[in-house]
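Visitor: The structure under discussion is supplied below as structure tokens; questions concerning it will follow.
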Amino acid sequence: MKLLKRYFVLIGMIIALIFMYIAISIYPGGTYQNESSIGFDWSKNFFSNLFGEKALNGAENTLNTGHL
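If you read the sequence shown in UniProt numbering, its first letter stands for residue 1, the second for the next number, and so on.
Right, here's the structure in full:
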């Protein structure tokens, strides 16, 4: 338990990065400059785009189905 407490923040950060990677991988697409683009573009999207009910290209964002 002491070891878990020591690395609790690091473990949390790793889990968050894994979830962000999954969200980015399945993001349908669209940017503010080009709504027809496909996928997440690091230079043109924001992390907040991943949490909308619909992606910027109008497709259903399968990650966010009302759970957040």
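No residue lacks a Cβ here, since even glycine has one placed at the ideal position from N, Cα and C.
Give a yes or no on contact between the region 1-19 and the region 31-46, applying the rule of three or more CB pairs nearer than 8 Å.
Guide: no
Visitor: Quick check: what's the CA-CA separation for residue 43 versus residue 32?
Guide: 11 Å
Visitor: Checking 7 Å against the spacing of the C-beta atoms, do residue 27 and residue 50 come in under that value?
Guide: yes
Visitor: Tell me whether residue 54 sits in a helix, a strand or coil according to DSSP, three-state version.
Guide: Strand.
Visitor: If you compare alpha carbons, which of 48, 47, 45 and 29 is closest to residue 58?
Guide: 29
Visitor: Over the uninterrupted alpha helix (DSSP H) stretch that includes residue 63, give me the two end residues.
Guide: Run containing residue 63: none; DSSP gives neither H nor E here.
Visitor: Which residue comes first and which comes last in the alpha helix (DSSP H) that contains residue 21?
Guide: 8-26
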